[in-house]
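Residue numbers (full-length UniProt numbering): 1 to 100.
Written out as structure tokens, the structure reads:
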């Protein structure tokens, strides 16, 4: 997964990674928000979910200490990372700004 993850974040378009856990209540809320964000940004950005329990090494490598944590990568660079639940407008605007 780590090599595949590296290829994923080396994308020309922004990639929002949702670090989540299946047992996490706020992660379920964030997931429904991201569904709307995906509709808003379309092909401008990708949204990928990473289960921290299945891929603890990736979560550790990027300093994920709590879930949900969202991170935006473009061309392999970490552009933004925050923990907690974020709203549709904030994430939509964030991804659109990184896409341009």
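Just so it is clear, CB atoms sit at the ideal spot from N, CA and C, and this is done for glycine as well.
Practice task
State the Cα-Cα distance for the pair residue 39 and residue 57, rounded to the nearest angstrom.
Solution key: 30 Å
Practice task
Return helix, strand or coil for residue 12, following the three-state DSSP convention.
Solution key: coil
Handout entry: Length of the line joining the Cα atoms of residue 55 and residue 100
Key = Distance between the alpha carbons of residue 55 and residue 100 is about 31 Å.
Problem - Separation of residue 94 from residue 16, as counted between CA atoms - result: 10 Å
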